[in-house]
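Residue numbers (the working numbering): 1 to 572.
Everything on this sheet refers to the single structure shown next.
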Amino acid sequence: MLAAAPHRGDERQVVRHGHCLLGVSNRSSRHEASIAVDGDLGVAVNGVIDNAADLARALGLRNGPEFSHAALLLAAFRRLGWRAPRDLRGVFAAVVTDGQRAWAFRDQLGFRSLFYRNEPDRVFFASEAKQVVAGAGIARRPDPDVVAAIVFSDYDDDTPCAVSGVRRLAKSTVMMAGAGRSEFRRYWDPESLIETATFSEEELQERFDELMDQANARMLTGHDAVSLSGGIDSPAIAAYAAPRHLELGGRPLSALSAVYPDQPSVDEREYIEIVAADLDIPLHTFEHQAGQLDRLTEWVEVLDGPTPVWAVNEVDESYRRAEALGFRTLLTGEVAEHVMAMRSHLETHLIYHGRFRALQAQLRLQQGAGAGPARTARNLIRWAAPGRLRYMRSRRQDRYRGAPRPDFLDAERLEGGDSDLLVGARTRWHDRQLVAFGGPGIGVEADEVRQELRNIMVRMPWTDVDLWEFFISLRAEQKFPGRRSKDLVRHLLRGRVPDAILDREKPTVFNEAIMAGVDYPALRHWILGHDRNVDGVDYGALAGHLEREDLTLWEYIWARDLAVAHAFLSLG
1 MLAAAPHRGD ERQVVRHGHC LLGVSNRSSR HEASIAVDGD LGVAVNGVID NAADLARALG
61 LRNGPEFSHA ALLLAAFRRL GWRAPRDLRG VFAAVVTDGQ RAWAFRDQLG FRSLFYRNEP
121 DRVFFASEAK QVVAGAGIAR RPDPDVVAAI VFSDYDDDTP CAVSGVRRLA KSTVMMAGAG
181 RSEFRRYWDP ESLIETATFS EEELQERFDE LMDQANARML TGHDAVSLSG GIDSPAIAAY
241 AAPRHLELGG RPLSALSAVY PDQPSVDERE YIEIVAADLD IPLHTFEHQA GQLDRLTEWV
301 EVLDGPTPVW AVNEVDESYR RAEALGFRTL LTGEVAEHVM AMRSHLETHL IYHGRFRALQ
361 AQLRLQQGAG AGPARTARNL IRWAAPGRLR YMRSRRQDRY RGAPRPDFLD AERLEGGDSD
421 LLVGARTRWH DRQLVAFGGP GIGVEADEVR QELRNIMVRM PWTDVDLWEF FISLRAEQKF
481 PGRRSKDLVR HLLRGRVPDA ILDREKPTVF NEAIMAGVDY PALRHWILGH DRNVDGVDYG
541 ALAGHLERED LTLWEYIWAR DLAVAHAFLS LG
């Protein structure tokens with residue numbers, strides 16, 4: 001099983017504990033996986049526990065910071081049982097065993113993967129699906145139903161892996177396996193935190209600064225770079241991480257950025273240089289060279305399947321540059337939108353919960369931006385419309401998520417991926433705050449493998465659990481005081497992030513860069529003339545577009561992801 005994923009390192013350790021075998025792999029340059037056995041318990045863990053020192057002190061361990069993460073987790077499990085992962089912060093996946101039973105879990109947000117196969121007399125756990133296949137001795141072949149579900153974004157926590165016979169463990173969940181049975185328990189429930197706190201303006205700033213500083217400090221190693229863009233999310237990380245990095249390693253934090261000199265509408269060099277100069281940090285830039293569908297067979301094989309919104313080569317180039325420059329950790333602003341910018345349906349939420357003073361404040365803001373009485377009335381009707389009415393309107397207009405439906409996709413099949421339109425008006429905003437906590441995180445699984453291939457760890461300070469819980473707990477009108485989704489964060493970052501960044505009106509859109517990479521010969525090669533087609537696709541209509549080479553942006557993204565799916569299906 002360890003040999004099935006050689007990119008995870010050749011320094012291997014295997015320990016037998018009762019009826020269980022525990023094994024880990026590490027690179028010589030980085031040890032993130034460890035095993036510990038003490039009395040009746042054994043544990044194997046992969047990843048990083050960010051609050052290890054604090055947890056060790058709470059458990060009364062004298063040498064807490066020097067403990068391996070496995071030894072620390074073993075002590076925590078002995079004290080707290082299956083609820084132990086609730087107190088952990090970081091990115092991790094682990095299996096604990098008493099020699100007869102096994103408890104498996106991964107971090108709250110699923111940044112470390114854990115796959116399994118449960119058979120009547122044995123169970124396999126591993127970081128990658130291919131490792132489970134190797135241990136179980138089963139054939140490695142694609143599951144066409146799961147591949148189709150990925151193409152149409154119609155999947156949830158119960159959807160198996162794209163490799164047939166393998167399942168993934170849901171995030172924030174403990175699985176207990178033993179004696180021919182298994183059970184699952186949720187150990188973290190962010191929903192219970194929604195709108196549970198109220199801060200004064202001074203308290204809000206103080207608490208944000210404290211948590212943002214803590215999030216960055218937890219993830220720095222002293223050999224770090226920030227993946228810097230011209231938006232708000234990554235400059236905020238740089239602002240808090242730069243002074244901490246200087247204290248930690250005596251050297252400045254670095255910035256790594258992709259630039260697009262041939263595509264002015266995409267290029268953010270101007271804003272990136274403003275941030276780098278303001279923080280006095282070295283800036284490394286590069287241009288993407290790889291095609292979007294290059295090395296497709298190699299990628300789907302190592303990643304064990306297709307991933308939603310394929311951008312593997314672009315991401316890999318960033319990691320390769322970071323590795324070549326000697327960085328161990330790459331900080332990114334990814335997922336920040338889910339933490340603090342899920343504003344949609346705010347007014348609907350205020351209406352259905354009787355918070356009319358807050359609604360009135362929002363209406364005044366819109367009127368100040370030029371919305372007249374007629375538009376305001378239309379907005380009120382739209383906000384209060386039942387989910388079924390919104391869904392029927394979308395179907396009547398033959399649209400999918402606000403864009404014209406590609407004519408080569410079956411409307412009925414798209415319903416699964418568009419089911420959020422059916423959500424009741426009363427819970428729409430509430431559900432948006434939790435959207436990142438559902439689903440299997442297929443793209444995150446693939447990204448973990450890409451990091452292993454490039455010997456780089458990617459960390460996302462905005463996703464620190466304590467920081468995220470803070471934003472979840474804010475009342476809706478305090479979290480979104482203005483017309484724009486990030487107005488609160490703009491206010492909190494004022495004075496730390498340059499005004500030129502905070503006051504940008506239009507975000508960068510990467511449409512031009514995506515369309516510049518369209519490779520029609522590769523699309524035709526992978527999509528047309530195969531005997532394993534994806535249900536719900538009209539290949540005749542799609543073939544016409546590919547021959548005429550007239551795909552729109554939205555159609556191309558669908559076609560590209562379909563090509564990736566076919567590349568994976570061809571392996572079986």
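In this text, a Cβ means the ideal position worked out from N, Cα and C, and glycines have one as well.
Residue i, buried or exposed, once every other Cβ within 10 Å from all chains shown has been counted against 16
i: L306; result: Looking at the sequence shown, residue 306 is not Leu but Pro. Looking at its Cβ environment, which holds 16 or more other Cβ atoms inside 10 Å, P306 is buried.
i: L325; result: exposed
i: H245; result: buried
i: F67; result: buried
i: D50; result: buried
i: H19; result: exposed
i: N603; result: Lying outside 1 to 572, the shown extent of the chain, residue 603 is not represented and no answer is given.
i: R548; result: exposed
i: F356; result: exposed
i: N511; result: exposed
i: D38; result: exposed
i: G135; result: buried
i: P261; result: exposed
Nearest-angstrom Cα separation, counted from residue j out to residue i
i: P85; j: V95; result: 11 angstroms
i: K486; j: D267; result: 22 angstroms
i: G178; j: A71; result: 23 angstroms
i: A567; j: A311; result: 15 angstroms
i: R140; j: E337; result: 36 angstroms
i: H223; j: L256; result: 13 angstroms
i: A52; j: A58; result: 10 angstroms
i: D109; j: N455; result: Looking at the sequence provided, one finds Leu at residue 109 rather than Asp. Rounded to whole angstroms, L109 to N455 spans 22 angstroms at the Cα level.
i: M212; j: A277; result: 22 angstroms
i: A358; j: E206; result: 24 angstroms
i: V302; j: V435; result: 28 angstroms
i: V91; j: A374; result: 50 angstroms
i: D407; j: D538; result: 8 angstroms
i: I365; j: G482; result: At residue 365 the sequence reads Leu, which differs from the Ile that was named. Answer to the nearest angstrom: the Cα atoms are 7 angstroms apart.
i: H530; j: D316; result: 28 angstroms
i: A242; j: I281; result: 8 angstroms
i: A541; j: A371; result: 42 angstroms
i: G9; j: H31; result: 9 angstroms
Bounding residues of the alpha helix (DSSP H) (the contiguous stretch that carries residue i)
i: R428; result: R428 to Q433
i: M515; result: N511 to A516
i: S257; result: Careful: S257 lies outside any alpha helix (DSSP H), inside the beta strand (DSSP E) at S254 to A258.
i: V133; result: A129 to A136
i: F152; result: Looking at the DSSP string, F152 is not in any alpha helix (DSSP H), and its letter there is neither H nor E.
i: F92; result: That residue, F92, is in no alpha helix (DSSP H); its beta strand (DSSP E) goes G90 to T97.
i: R357; result: F356 to G368
i: D54; result: A52 to A58
i: A225; result: Element bounds for A225: not the alpha helix (DSSP H) but the beta strand (DSSP E), D224 to S227.
i: D561; result: L553 to L569
i: I232; result: Taken as a continuous stretch (DSSP letters only), I232 belongs to no alpha helix (DSSP H), as it is neither H nor E.
i: E298; result: L296 to V302
i: P521; result: Y520 to I527
DSSP-derived helix/strand/coil call for residue i
i: Y187; result: coil
i: F327; result: coil
i: M212; result: helix
i: R106; result: strand
i: V335; result: coil
i: S182; result: strand
i: P440; result: coil
i: P261; result: coil
i: A71; result: helix
Continuous beta strand (DSSP E) stretch holding residue i: start and end
i: Q13; result: E11 to H17
i: N46; result: L41 to I49
i: S25; result: C20 to N26
i: V309; result: Note, V309: premise wrong, no beta strand (DSSP E); not H, not E.
i: G178; result: T173 to G178
i: H284; result: L283 to F286
DSSP beta-bridge partners of residue i
i: P243; result: None, per the DSSP bridge assignment.
i: I35; result: A44
i: D278; result: Answer is none; D278 lacks a bridge partner.
i: N118; result: V123
i: V497; result: R494
i: V537; result: L409
i: M457; result: T329
i: A377; result: DSSP, once it has assigned bridges, lists no residue as partnering A377.
i: R168; result: F115
i: L474; result: A197
Any non-hydrogen atom of the ligand FMN within 6 angstroms of residue i CB
i: P481; result: In terms of ligand content, the structure shown is empty, and the ligand FMN therefore cannot be addressed.
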